[in-house]
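What follows is a short report on a single structure.
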Amino acid sequence: MDIWDKDGRSRMMAKIKSTNTKPEIKLRKFLFAEGFRYRINLEKLPGKPDIVLSKYKTVIFVHGCFWHKHEGCRRSHVPKSNEQYWISKISGNVKRDKINMKELEDIGWNVFIAWECEINNKNKFENIKNKILNFLRKNIKSINA
Ligand SMILES: [Zn+2]
647 MDIWDKDGRS
657 RMMAKIKSTN
667 TKPEIKLRKF
677 LFAEGFRYRI
687 NLEKLPGKPD
697 IVLSKYKTVI
707 FVHGCFWHKH
717 EGCRRSHVPK
727 SNEQYWISKI
737 SGNVKRDKIN
747 MKELEDIGWN
757 VFIAWECEIN
767 NKNKFENIKN
777 KILNFLRKNI
787 KSINA
């Protein structure tokens, strides 16, 4: 089942492809309010992470469920028209994500993936916020250890 009508889907895709998406901004606002300082879309790092917290050696990607294939998420559903095109395009993205993640970890970065659907969902976002805070605390500890 395709949850998007044609217009809805093209609107969504146009939005997801751009930087500074709403979920990204929402997450950044939260981090800022919690006192974290970060840089965004650092070109020189593999995959150009959305949020970079250098002090914590941590990068956060805000992944669109469709473009990055959020497993088990209904928003990752590939449209029936042009199915082959989408499947190869998205598996290319997923492959690239894995390579970027590996490269980042190889040079000592901790990587956190936040999914758009989770940021957009009130309850899940609470959960994500806690996970990120724990992740950052753990990472700063290992830096100072
Ligand atoms: Zn999702």
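Every position in the sequence shown, counted from 1, becomes a number in this note's numbering once 646 is added. Beta carbons: idealized from backbone N, C-alpha and C, even for Gly.
| Asked | Found |
| --- | --- |
| ASN756 - containing beta strand (DSSP E), residue span | 756-761 |
| Contact check, ALA760 vs PRO692, beta carbons under 9 Å | no |
| For LEU677, the first and last residue of its enclosing alpha helix (DSSP H) | 668-679 |
| Alpha-carbon to alpha-carbon, ILE671 and ILE774 | 14 Å |
| Cβ-heavy atom distance, GLU670 to ligand 1, below 8 Å | no |
| Any chain C beta carbon closer than 9 Å to ILE686 | No chain C is part of this structure, which consists of one protein chain only. |
| Option nearest PHE678 by Cα separation, candidates ILE789, ILE778, LYS784, LYS787 | ILE778 |
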